[in-house]
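Be aware that the sequence shown starts at 5, since it is given in my numbering, and climbs by one per residue.
Glycine is no exception: its CB is placed at the ideal position from the N, C-alpha and C atoms.
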Amino acid sequence: MKYIFVTGGVVSSLGKGLTSAALGALLEQRGLKVRLQKFDPYLNVDPGTMSPFQHGEVYVLNDGAETDLDLGHYERFTNGTLSKLNNLTSGKVYETVLSRERKGDYLGATVQVIPHVTDVIKERIRAGGGEDVDILITELGGTIGDIEGLPFLEAMRQFALEVARDDVLFLHCTLLPFLKAAGELKTKPSQQSVAKLREIGIQCDILVCRTEEPMTDEMRQKLSLFCNVPVNAVIEEMDVETSIYELPITLKAENIDSLVIEHLHLDVPDKNMKVWHDVVRRLKSPKHEVKIGVVGKYIELQDAYKSVYESIIHAGIANDAKVNIVRIDAEDVQLNPQKNLAKLDGILIPGGFGDRGTAGKIITSKYARENAIPYFGLCLGMQIAVIDFARNVAGLEDSNSTEFDANTPHPVIDIMEDQKNLTTKGANMRLGSYPCELTEDSLSFDAYGIKNIAERHRHRYEFNNNYREQLTNAGLRIGGINPERDLVEIIEIPKHPWFVGVQFHPEFQSKPNAAHPLFSNFVAAAIKYKK
Ligand code: GLN
5 MKYIFVTGGV VSSLGKGLTS AALGALLEQR GLKVRLQKFD PYLNVDPGTM SPFQHGEVYV
65 LNDGAETDLD LGHYERFTNG TLSKLNNLTS GKVYETVLSR ERKGDYLGAT VQVIPHVTDV
125 IKERIRAGGG EDVDILITEL GGTIGDIEGL PFLEAMRQFA LEVARDDVLF LHCTLLPFLK
185 AAGELKTKPS QQSVAKLREI GIQCDILVCR TEEPMTDEMR QKLSLFCNVP VNAVIEEMDV
245 ETSIYELPIT LKAENIDSLV IEHLHLDVPD KNMKVWHDVV RRLKSPKHEV KIGVVGKYIE
305 LQDAYKSVYE SIIHAGIAND AKVNIVRIDA EDVQLNPQKN LAKLDGILIP GGFGDRGTAG
365 KIITSKYARE NAIPYFGLCL GMQIAVIDFA RNVAGLEDSN STEFDANTPH PVIDIMEDQK
425 NLTTKGANMR LGSYPCELTE DSLSFDAYGI KNIAERHRHR YEFNNNYREQ LTNAGLRIGG
485 INPERDLVEI IEIPKHPWFV GVQFHPEFQS KPNAAHPLFS NFVAAAIKYK K
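Structure below.
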């Protein structure tokens, strides 16, 4: 196996994750088996408990791991399915070291960052790959110079010493700030960042420069000279025009994949980029245009519903449609539903926790139902739709989820009996991939075209089976169930053009070149019923 380490300098939010993912896509295009992983220097054991305000969306893997949203980019750009071994935080590293210490594994030795902490990191570098993997790309979160990042860099330095030189490649991403007053791009911060890396003992092999303006040859020469990398390994990564999915193509134009392949002494032929060209062509010349409203409570945050937004874009690609995503705060809907919802061609309510915004979301779901606007509810969005249906169609007054009202007379969404004894927060969360059996006569079966599917979950509450009969008698359709525990996974309203709520998170399995079938059909319905 070959190893690529990706680090970042100058500022955070450089899009290192996207660069890593796009590089993965390019190498995969060449026929290599690629796996990506993320090391995060912060001390949380995993991102599961972090607020979306702090860290954007929590991305969930098949095995139930709650991970950094960069793993979402990795899975969207490449074909490997990631596991809990592909996201590591300092918190997890220390947890491992300290539990070994308590068990006496260190035989009385003084436990130290070097070698004990770095050893755990090195173990995890190796563990992230797997037998079938040719190239493992490990991205380090944060910026060079962060105190927390040091043990990871040290472990990477040691690791490179232990394997053959042509098995490891260091890629460093930096920013070339554009100074308006001087009218030029500045290379100094990048030089300093590379120097800081060298201080730690790491010489980068490829320098990827994020920039708003094209670099001159002179600048490439200068960066090459001061950063000690060959001039052809100074890569320009300009801001993309329309979409992040152009990135594999723009990076390919800079020959980054050939550089990597040469450096790692791999012998693989160049292949065409048809898949990615197709994606970009569809993005740039759409035949339709629709407006999809996403009604949530973290609307002002760029990354809180990252995978949802990306999945909507994928569905647009699949339908040759430009999708304008309108982000709507659930609390604004409560104040003025008509103003916020009337002009939409489709409405989506994503997942969420806690009571804030639920009133506005219930109004939203009701509005979509009554006005025949295609509706797609994800996790909480499905529960909301059930509450509206119970209250306003089935006549079950004050129906609610026990998450929002423990004393509701009609707990249509509730924690199931077999989970009630697990009371610690998080302990009773249904996490990861679960099977679902679809109802043959349903919108969902139409979308997937197969009967048995598996989707990722992250929730505590469920559709309460005690109300199944009452609600289906009132016109709700059960679109799919979990066969093991007979849990409702999908609800639909047959008397509506397209109304689907799913207890799972389909947004974690959609790709730009393979849109998720439910997202795809949702956007297709929005196009079809556009008023
Ligand atoms: N809060 C709800 C639950 O725990 C929904 C969670 C979600 O949307 N991810 O069941």
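Scanning its chain for C-beta atoms nearer than 6 Å, with the 5 sequence neighbours on each side dropped, one finds no residue around Glu-127. Secondary structure at Gln-207: coil, using DSSP grouped into helix, strand and coil. DSSP places Thr-254 outside any beta strand (DSSP E); the residue lies instead in the alpha helix (DSSP H), whose first and last residues are 251 to 257. Counting along the chain, the unbroken beta strand (DSSP E) around Ser-405 starts and ends at 403 to 405. Residue state for Tyr-309 is assigned as coil, using DSSP reduced to three classes. Considered as a whole, the segment 468 to 495 harbours 472 to 477 as its complete alpha helix (DSSP H) runs of no fewer than 4 residues, in chain order. Non-local beta-carbon contacts of Ala-25 in its own chain, meaning distances under 6 Å to residues more than five positions away in sequence, involve His-77, Tyr-78 and Phe-81 in chain order. Secondary structure at Thr-142: strand, using DSSP grouped into helix, strand and coil. By the neighbour-count definition (other C-beta atoms within 10 Å, threshold 16), Phe-380 is a buried residue.
The Cβ atoms of Leu-175 and Asp-209 lie closer than 8 Å to each other. A residue is called buried once 16 or more other Cβ atoms fall within 10 Å of its Cβ, and Val-283 is buried on that count.
In this structure, the beta-carbon distance from Gly-146 to Pro-45 falls below 8 Å.
If you draw a 10 Å sphere on the C-beta of Glu-496, you find 16 or more other C-beta atoms in it, and that means buried. Taken in chain order, the complete beta strand (DSSP E) segments of 3 or more residues contained in the segment 28 to 81 are 38 to 44. For Thr-220, the closest of Tyr-249, Phe-182, Ser-247 and Gln-207 by C-alpha to C-alpha distance is Phe-182.
If you draw a straight line from the Cα of Ala-394 to the Cα of Asp-445, it is about 22 Å long. For Arg-285, there is no enclosing beta strand (DSSP E); the residue is part of the alpha helix (DSSP H) that begins and ends at 278 to 288. Leu-384 sits close to Gly-356, with the two beta carbons spaced by under 8 Å. Selection Lys-326, Gln-207 and Tyr-63 evaluated against Thr-85 yields Tyr-63 as nearest (Cα-Cα).
Closest by C-alpha distance to Thr-406, out of Gly-399, Ile-417 and Asn-396, is Ile-417. Beta-bridge partners of Tyr-379 (DSSP): Ile-351 and Phe-503. Here DSSP, grouped into helix, strand and coil, assigns Gly-364 to helix.
Annotation for Gly-300: the continuous beta strand (DSSP E) segment containing it runs 292 to 300.
Less than 8 Å separates the beta-carbon of Ala-458 from that of Cys-440.
DSSP places Lys-535 in no beta strand (DSSP E); its state is neither H nor E.
For Tyr-7, no alpha helix (DSSP H) run applies; the uninterrupted beta strand (DSSP E) run containing it begins and ends at 6 to 12, by DSSP. Spanning the alpha carbons of Leu-189 and Lys-226 requires a straight line of approximately 12 Å.
8 Å or more divides the Cβ of Lys-365 from the Cβ of Val-298. Here Asp-171 carries a helix assignment [DSSP, helix/strand/coil]. Residue pairing by DSSP puts Phe-182 in a beta bridge opposite Leu-189. Around the beta carbon of Val-235, a 10 Å sphere encloses fewer than 16 other beta carbons of the protein chains shown; the residue is thus reported as exposed. About 6 Å separates the CB atoms of Ile-141 and Val-10; that is less than 8 Å, so the two are in contact.
Pairwise C-beta distances place the segment 289 to 308 out of contact with the segment 34 to 54, as fewer than three of them are shorter than 8 Å.
Gly-436 is bridged by DSSP to His-461. Around the C-beta of Arg-106, fewer than 16 other C-beta atoms lie within 10 Å, and the residue is accordingly described as exposed.
Sixteen is the threshold: since fewer than 16 other Cβ atoms of the shown chains lie within 10 Å of the Cβ of Pro-273, the residue is exposed.
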